[in-house]
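K.L.:
If you're matching them up, the sequences are chains A and B in order.
Count the first sequence with our numbering and you get residues 1 to 384, in order.
Count the second sequence with our numbering and you get residues 385 to 768, in order.
Where is the CB? At the ideal position from N, CA and C, for every residue including glycine.
This is the structure I have questions about; it appears just below.
2 protein chains.
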Amino acid sequence: MRFGFQVNATDGHARVGVLNTAHGQIATPAFMPVATQGSVKAIAPDDLKALGATMLLSNTYHLMLRPGIEIVSKMGGIQDFMSWPGPVLTDSGGFQTFSLSRLKKLSEEGVTFRSHVDGSEHFLSPEISLEYQALLGADIAMVLDECPAYGLEEAQVHESMDRTHRWALRCKEAHRQEGQALFAVVQGGVSPNLRLESASTLMSMDFDGYAVGGLSVGEPKAGMYQMTSLMGGTLPHDKPRYLMGVGSPEDLVECVGRGMDVFDCALPTRVARNGGLFTYRGRVNVDSVPFREQDKPVEESCDCYTCQNFSAAYLHHLFKAKELLAYRLASIHNLRFVIRLMEEARHAIAEGTFDAFSERFLSGYRIADENVRRSQKEKWLRKR
Amino acid sequence: MRFGFQVNATDGHARVGVLNTAHGQIATPAFMPVATQGSVKAIAPDDLKALGATMLLSNTYHLMLRPGIEIVSKMGGIQDFMSWPGPVLTDSGGFQTFSLSRLKKLSEEGVTFRSHVDGSEHFLSPEISLEYQALLGADIAMVLDECPAYGLEEAQVHESMDRTHRWALRCKEAHRQEGQALFAVVQGGVSPNLRLESASTLMSMDFDGYAVGGLSVGEPKAGMYQMTSLMGGTLPHDKPRYLMGVGSPEDLVECVGRGMDVFDCALPTRVARNGGLFTYRGRVNVDSVPFREQDKPVEESCDCYTCQNFSAAYLHHLFKAKELLAYRLASIHNLRFVIRLMEEARHAIAEGTFDAFSERFLSGYRIADENVRRSQKEKWLRKR
């Protein structure tokens, strides 16, 4: 199937659409579970199918270091390797070389870095990243970009953005993979001017889709929402818009309302493994005292395998006893929660009731959230 | 359904039978996966159903310490708590108070011990253990027994065995739970005389079934097989025989051939979590070099979810990357392997070809096993 995107309905800035890929159709807005190393943590393909996942994200950076691109390629590509029959988007490796590896040298040609796994030295250029993403068999490849840390001077952000644009052009010119879409990444930090310049520069190169990168990296929430709104009003109407690294339930709803179509984030599964579960009342810690004897599931209205079969008391026990099943059941629930949220959003947009849906969800969701966020942050800090 | 047992076919000492319990029928010989803390490690009830498990074992000792018997009871009993619709056998807590806890005091009345979880002090008597097993809702309860360590003087083993018999009688007299079966535990170490005395004493009390305890605790393999043969020739033909704590593929086949009907063991899931996978060629370490690029599943003839969907190379990668999915996929495979082995054994016994089946399996299985066992033992020792 040829890659394509079609907007079928809008409601304010929010859009309902369909993305066509070589491995199937995706209804948007869509949340992509993150299979960083070729596995959504604690979750198998049968779980993903059952909870309604349609597209996964996987990381060129992690796969090139382990098991190696050539092994994944020999096994028939990333879909066959992890036995996932649906579409996969691969990130380019750009973000991780800056955030995870020990960066050795950044030049116009590319980036030299040391593996966070074994310290070995590696090199990525726009061309090499695309070659790897072709070998992985990604349905959607991302251009190699540079993701500046939050808090840099505007001049530094500008310089980095310009390199991202030059690399994007090299990717566009090097891209030959039949049936594979190529998305650009808008950068520019929290500067509206830089973001507009980045969007317009990349739009002039005509990519299959546009990602918004470099957000959710430490900037205040208001800045993230402001940049997302700006992009929702700027990026082409007929191309998919992918907000990278965003995926808390409240941010998903907020950013669907700002015109974003596709999302990925490790947060739902990461907080799940720490006992943090999404409910329509907000995030709760299932390993806390109130759940010790709760015969009901964590979220009564939830249709996931976990809530359909297990009490909150059982989940509480599994976390206390450090049983491995805890991580799978909690991850299934949180992924189903955000995927169902996207289903509900699509329904509301199609019916022209997205504002009411968004307000209802956000007002209910936030009641409990702040206390839980604080206690989870403390738990995380204690662990370090 | 009333508890009952029926032998439908024999082949040498091996037997094919059916066990009726309040939660369903079990074809024997049967292997019970171990849900020590109310969860088969890394495995959910949907997995257990798919891999053909029929009865689980759970531990009174662990559940009384966490989450507490009263919580499991409030949640509707152990089956509802873990969302497992089938039968459950509970161990009495006897073995663990000796092997896991800090033992404080052993008296005629019972055993006082400190929890391995939080150091709190607890007391178990034959009557209390049965009360707990009734509250848990076990389909089969076990008498509280004393399991002497391997290597004690015969006089000490004798003394311990006599107490086990007195406790068994108290259990028999205290047992009132409608629909719940009660099994006794034959003790007596590796002494044929003590074993025969233990069996005959307990048989005179007329239990619903007889377990063989105190084996696979460090004695030489020959001693274990010898005691099992002796029991296979001694215990009543019309009652189920449960060999406790035995569950390597080779021991299962050997002991089915010696007339045992039911088995439990944490070994299949424990070695799985360390990358040790059962194949018809023997146990292999999937995280070792030969599997790095193996496109085929670990065991081509296997019908489990893991082998039907994933290459050995993918499992190898998951173990190397320490992905949680590794533990589930490996555990599914090993449990399916031993459960299928019991299915094959039942088929062979019914056809009168058990000896040929046993010989074929054991000669193939042992080729690779010794080297792997050694390397896994080294790995385990390094971890301590």
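1) Touching or not, the segment 658 to 675 of chain B and the segment 435 to 447 of chain B, by the rule of three or more beta carbon pairs under 8 angstroms?
2) Are the CB atoms of residue 136 of chain A and residue 60 of chain A nearer to each other than 8 angstroms?
3) Please specify which runs of the alpha helix (DSSP H), each continuous and at least 4 residues long, are wholly inside the segment 616 to 648 of chain B, giving them in chain order.
4) Below 8 angstroms, can you find three or more Cβ-Cβ pairs linking the segment 30 to 49 of chain A to the segment 319 to 332 of chain A?
5) Counting pairs of Cβ atoms below 8 angstroms between the segment 172 to 184 of chain A and the segment 155 to 163 of chain A, do you hit three or more?
6) With DSSP run on the structure shown, which of helix, strand or coil describes residue 219 of chain A?
7) Taking any Cβ of chain A, which residues in the segment 545 to 559 of chain B have a Cβ under 9 angstroms from it, in chain order?
8) State the CB to CB distance for the pair residue 509 of chain B and residue 530 of chain B, rounded to an integer number of angstroms; the pair is presumed to be in contact (CB under 8 angstroms).
9) Is residue 243 of chain A near residue 192 of chain A, with beta carbons less than 8 angstroms apart?
10) Along the segment 658 to 691 of chain B, what residues have a CB closer than 8 angstroms to any CB found in chain A?
11) Check whether chain B comes within 8 angstroms of residue 38 of chain A, counting only Cβ atoms and requiring the distance to be less than that.
12) Which ranges would you report for the alpha helix (DSSP H) in the segment 505 to 555 of chain B if only whole runs of at least 4 residues count?
13) Let me see if you follow: with CB-CB separation under 8 angstroms, is residue 42 of chain A close to chain B or not?
14) What's the C-alpha gap between residue 594 of chain B and residue 675 of chain B?
15) To the nearest angstrom, how far is it from the Cα of residue 287 of chain A to the Cα of residue 645 of chain B?
16) What are the residues that DSSP puts in a beta bridge with residue 667 of chain B?
17) Could you name the residues of the segment 434 to 450 of chain B whose beta carbon sits closer than 7 angstroms to any beta carbon of chain A, in the order they occur along the chain?
18) Are any of the Cβ atoms in chain B nearer than 8 angstroms to that of residue 115 of chain A?
19) Under three-state DSSP, which class holds residue 364 of chain A?
20) Count the other CB atoms, across all protein chains shown, that sit within 10 Å of the CB of residue 737 of chain B; report buried if there are 16 or more and exposed otherwise.
21) Which value, in whole angstroms, describes the spacing of the CA atoms of residue 564 of chain B and residue 523 of chain B?
22) Closest by CA to residue 449 of chain B, which one among B/485, B/479, B/700, B/467?
23) Using the Cα positions of residue 272 of chain A and residue 318 of chain A, report the straight-line distance between them to the nearest angstrom.
24) Between residue 321 of chain A and chain B, is there a C-beta pair that is closer than 8 angstroms?
25) Would residue 48 of chain A count as contacting chain B if we go by Cβ distances under 8 angstroms?
26) Going by beta-carbon coordinates alone, are residue 439 of chain B and residue 478 of chain B separated by less than 8 angstroms?
27) For chain B, is any of its Cβ atoms less than 8 angstroms away from the one on residue 82 of chain A?
28) Assign residue 673 of chain B to one of two classes, buried (16 or more other C-beta atoms within 10 Å of its C-beta) or exposed (fewer than that).
29) Rounded to the nearest angstrom, what separates residue 580 of chain B and residue 394 of chain B at their Cα positions?
30) Output, in chain order, the set of chain A residues within a Cβ distance shorter than 9 angstroms of residue 693 of chain B.
31) Counting C-beta neighbours from all protein chains within 10 Å, is the total for residue 111 of chain A 16 or more, i.e. buried, or is it exposed?
32) Between the segment 22 to 31 of chain A and the segment 337 to 349 of chain A, can you find at least three pairs of beta-carbon atoms closer than 8 angstroms?
33) Take residue 239 of chain A as the anchor and find which of A/265, A/245, A/199, A/264 has the nearest alpha-carbon.
34) Using a Cβ-Cβ distance under 8 angstroms, would residue 314 of chain A count as near chain B?
35) Measuring only the C-alpha atoms, how far is residue 692 of chain B from residue 686 of chain B?
36) Taking the alpha-carbon positions, what's the residue 36 of chain A to residue 58 of chain A distance?
P.N.:
Inspection of the coordinates gives the following:
1) no
2) To locate residue 136 of chain A, count along the first sequence from 1; it is residue 136. To locate residue 60 of chain A, count along the first sequence from 1; it is residue 60. In this structure, residue 60 of chain A lies closer than 8 angstroms to residue 136 of chain A by Cβ.
3) 633 to 640
4) yes
5) no
6) Locating residue 219 of chain A in the first sequence gives position 219, counting from the first residue. Three-state result, residue 219 of chain A: coil.
7) Among the residues of the segment 545 to 559 of chain B, none has a Cβ less than 9 angstroms away from any Cβ of chain A.
8) The residue you call residue 509 of chain B lines up with position 125 of the second sequence. The residue you call residue 530 of chain B lines up with position 146 of the second sequence. Residue 509 of chain B to residue 530 of chain B, Cβ: 12 angstroms. No contact.
9) By 1-based counting over the first sequence, the position of residue 243 of chain A is 243. By 1-based counting over the first sequence, the position of residue 192 of chain A is 192. No, Cβ-Cβ distance for residue 243 of chain A and residue 192 of chain A is not below 8 angstroms.
10) 676, 677, 679, 689
11) Here residue 38 of chain A refers to the residue found at position 38 of the first sequence. True, the Cβ-Cβ gap to chain B drops below 8 angstroms.
12) 510 to 520
13) Here residue 42 of chain A refers to the residue found at position 42 of the first sequence. Cβ-Cβ to chain B under 8 angstroms: yes for residue 42 of chain A.
14) In the second sequence, residue 594 of chain B corresponds to position 210, counting from 1. In the second sequence, residue 675 of chain B corresponds to position 291, counting from 1. Computed Cα separation, rounded: 43 angstroms.
15) As a working mapping, residue 287 of chain A is identified with position 287 in the first sequence. As a working mapping, residue 645 of chain B is identified with position 261 in the second sequence. Those two C-alpha atoms are separated by around 39 angstroms.
16) The sequence position of residue 667 of chain B within the second sequence is 283, counting from 1. DSSP, once it has assigned bridges, lists B/662 as partnering residue 667 of chain B.
17) Flagged, chain order: 450.
18) Counting from 1 along the first sequence, the entry for residue 115 of chain A is found at position 115. With a threshold of 8 angstroms between beta carbons, residue 115 of chain A makes no contact with chain B.
19) Here the question's residue 364 of chain A lines up with position 364 in the first sequence. Correct three-state label for residue 364 of chain A: helix.
20) One-based indexing of the second sequence puts residue 737 of chain B at position 353. Residue 737 of chain B comes out exposed.
21) Numbered from 1 along the second sequence, position 180 holds the residue referred to as residue 564 of chain B. Numbered from 1 along the second sequence, position 139 holds the residue referred to as residue 523 of chain B. Cα to Cα, the separation comes out at about 5 angstroms.
22) Here residue 449 of chain B refers to the residue found at position 65 when the second sequence is read from its first residue. Ranking B/485, B/479, B/700, B/467 by Cα distance to residue 449 of chain B puts B/485 first.
23) On the first sequence, residue 272 of chain A is found 272 positions in, with the first residue counted as 1. On the first sequence, residue 318 of chain A is found 318 positions in, with the first residue counted as 1. When rounded, the distance between both Cα atoms is 13 angstroms.
24) Within the first sequence, the letter at position 321 stands for residue 321 of chain A. For residue 321 of chain A, at least one C-beta of chain B is nearer than 8 angstroms to its own C-beta.
25) Here residue 48 of chain A refers to the residue found at position 48 when the first sequence is read from its first residue. No, no contact with chain B.
26) Within the second sequence, numbered from 1, the residue matching residue 439 of chain B stands at position 55. Within the second sequence, numbered from 1, the residue matching residue 478 of chain B stands at position 94. Going by C-beta atoms, residue 439 of chain B is not nearer than 8 angstroms to residue 478 of chain B.
27) As a first step, residue 82 of chain A must be located in the first sequence, where it is residue number 82. It does; some Cβ of chain B falls within 8 angstroms.
28) Taking the first residue of the second sequence as position 1, residue 673 of chain B is located at position 289. By the 10 Å Cβ count, residue 673 of chain B comes out exposed.
29) Indexing the second sequence from 1 puts residue 580 of chain B at position 196. Indexing the second sequence from 1 puts residue 394 of chain B at position 10. Cα to Cα, the separation comes out at about 23 angstroms.
30) The residue labelled residue 693 of chain B in the question sits at position 309 within the second sequence. Ordered by position in chain A, the residues that pass the 9 angstroms Cβ test against residue 693 of chain B are 44, 45, 46, 83.
31) Position 111 of the first sequence, counting from 1, holds the residue named residue 111 of chain A. Buried, because 16 or more other Cβ atoms sit within 10 Å of the Cβ of residue 111 of chain A.
32) In short, these stretches touch, since the Cβ pair count reaches three.
33) Walking along the first sequence from the start, residue 239 of chain A turns up at place 239. When each option's Cα is compared against that of residue 239 of chain A, the closest is A/199.
34) For the purposes of this step, residue 314 of chain A is identified with residue 314 of the first sequence, where counting begins at 1. So yes, residue 314 of chain A belongs to the interface.
35) By 1-based counting over the second sequence, the position of residue 692 of chain B is 308. By 1-based counting over the second sequence, the position of residue 686 of chain B is 302. The alpha-carbon atoms of residue 692 of chain B and residue 686 of chain B are separated by roughly 7 angstroms.
36) Taking the first residue of the first sequence as position 1, residue 36 of chain A is located at position 36. Taking the first residue of the first sequence as position 1, residue 58 of chain A is located at position 58. So the alpha carbons of these two residues sit roughly 5 angstroms apart.
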